[in-house]
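See below for the structure under consideration.
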Amino acid sequence: MAKTERKTPIEGASIPLGSSPSDDGASSSRHTNHAVLITWSSFVVTIPILALTVAFLVLVFKYRVSHGDAPFESLRTSDAKDEGSALFVNMNSSILLFLASWASSVATMLSGFMLTLASFLIARRFFQDIQSSRVTRLPTPYQLALTLKFLDGSTLGAIWSWIVYLVSWRKKRAPLTPPLTAASSIALLATLLGLLVALGDTWLHLTTTTVEFTQVVPVTNQTNYGFGLIPECLTSNNSVAAQSGEQILCSVSLAVTGSFLRNGTTSLGVLNDMSDQATVSTYTDPQANKYTFLQAPEGASLSNRDYTAKTYGARTQCELISTKCKLQNNASIVTYNCSSDFAGSFTQSGLKTAFFTNDSMAEDMSQRRGQPILLCGGRHHESSRRGCAELNRVCQESSRSICVHFGL
């Protein structure tokens, strides 16, 4: 039987490698192929995932919106405040999810290319260890098989075999060598990064939703939605009687044919709730007092606009005396019944209403000629307007008087 003797290389001694003159052309070709492989692997590892990430971030921050800072405290509602845990993007969510899905898919496929790049460094150090005869750094046959399994692209299978090797062979296995440690570390890192991208994509799919968004932005056109009084209505007494000598009155226009509301088209539109310029609304204060005021009517231009405006309101209490006293005109007799102590009848027909300038009823606004008739205690008296005021004063002391002007 022949005897084979194994000689261990001396530490630090070099192992000569043969070469031939024909190796120069083949070596140059191999170097070119290696450069192409390194360039392609570097491109695949960096450019696709970088482009998808940059595109995703650019879209998010370009179309990101905020609620804005409302200039008035009354406009700072709960739905108009930014949330620190959410980003609002004004675009189709499917585009962002599409980019995230592609990034997740690409990230899980990068481990093979990353190991391809690492294989050149691992092979170079392995070759240097062989040349330098560093026996302790050289892998065992099984470790070399695991290293090659990592480098051939079967990353998950290699990781599983590596974990089984670490756990099952814990007591009888040789120490881990640099080639296997480097290959397994890079494979774990690439797999972990791909898993993190996949988890981020899953989280983005679960948390992205479409919501109603309230945004406060400044209005470019400075429209005034307030209402005020014209100068004729700002005098101390803007009644028709007080302004009878003026050419322009506060609220009415006097003509030969009759009295009309000023700016009749707009006024009638507001009264009939048909105006596109103003509408009458009601406000109730904490004391339950109701006020009517003018405001801009709701419309398409104001449906999404908040604004402040100044306006004016009024609170009046009116009651027609004809209703309160149950006036009835029956032929030549007009009956009235203001109370059980103040009731009677007029013996003259042609009852007409008039608006008096003050509570003394000394002069009415209609400026029609005729003798007023004063009813006092159920009896009527014919007198001048001044006499009517005097008798009315006397009768008011007993709270049983009413002065009505007949147009005779």
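Going by full-length UniProt numbering, 261 is the number at position 261 of the sequence shown; the sequence numbering is gapless.
Here a beta-carbon is modelled for each residue, glycine too, at the ideal position from N, C-alpha and C.
Tell me where the alpha helix (DSSP H) around residue 258 begins and ends. Counting along the chain, residue 258 falls outside any alpha helix (DSSP H), though it belongs to the beta strand (DSSP E) covering 258-261.
For residue 187 versus residue 159, is the C-beta distance shorter than 8 angstroms? yes
Contact under 8 angstroms by Cβ, residue 295 with residue 281: yes
Decide if residue 243 is buried, meaning its Cβ has at least 16 other Cβ atoms within 10 Å, or exposed. buried
Reduced DSSP secondary structure (H/G/I, E/B, other) of residue 38: helix
Simplified DSSP state of residue 322, which is helix, strand or coil: helix
Give the DSSP-derived three-state secondary structure of residue 227 in the structure shown. coil
Buried or exposed: where does residue 177 fall if 16 or more other Cβ atoms within 10 Å of its Cβ makes it buried? buried
In this structure, how does DSSP classify residue 216 when only helix, strand and coil are distinguished? coil
Under the assumption that residue 52 contacts residue 97 (Cβ atoms under 8 angstroms), give the Cβ distance between them as a whole number of angstroms. So it is not a contact: roughly 12 angstroms between Cβ atoms.
Of the residues 207, 156, 261, which one's Cα is nearest the Cα of residue 194? 156
With DSSP as the reference, please indicate the residues paired to residue 329 in a beta bridge. 334
Which listed residue (221, 233, 268, 45) has its alpha carbon closest to that of residue 117: 45
Run of the alpha helix (DSSP H) containing residue 269, from where it starts to where it stops: 264-271
Identified DSSP bridge partners for residue 313: 293
Per the contact definition of three or more C-beta pairs closer than 8 angstroms, is the stretch 234-250 in contact with the stretch 322-333? no
Per DSSP, what are the beta-bridge partners of residue 64 in this structure? 89
Can you give the Cα-Cα distance for residue 320 and residue 217, rounded to whole angstroms? 50 angstroms
Where do the N-terminal and C-terminal ends of the beta strand (DSSP E) with residue 198 fall, by residue? Per DSSP, residue 198 belongs to no beta strand (DSSP E); it is in the alpha helix (DSSP H), 178-207.
I'd like the span of the alpha helix (DSSP H) that includes residue 155, first residue to last. 155-168
Less than 8 angstroms between the CB atoms is what I'm expecting for residue 305 and residue 219, so what's the real figure, rounded? 7 angstroms
Can you look up residue 382 in the DSSP assignment and give me helix, strand or coil? Residue confidence for residue 382 is low, a pLDDT of 42 falling below 50, so the modelled location carries little weight and cannot support an answer.
Would residue 262 and residue 291 qualify as a contact pair, given that the criterion is a beta-carbon distance under 8 angstroms? no
Give the secondary structure of residue 240 by DSSP, where H, G and I count as helix, E and B as strand, and everything else as coil. coil
CB-CB length for residue 147 against residue 179, believed under 8 angstroms: 5 angstroms
Would residue 103 be called buried (16 or more neighbouring beta carbons within 10 Å of its own) or exposed? buried
Keeping to the same chain, check which residues put their C-beta closer than 8 angstroms to that of residue 284; ignore five residues upstream and five downstream. 290, 291
Return yes when the Cβ of residue 36 is within less than 8 angstroms of the Cβ of residue 213, no when it is not. no
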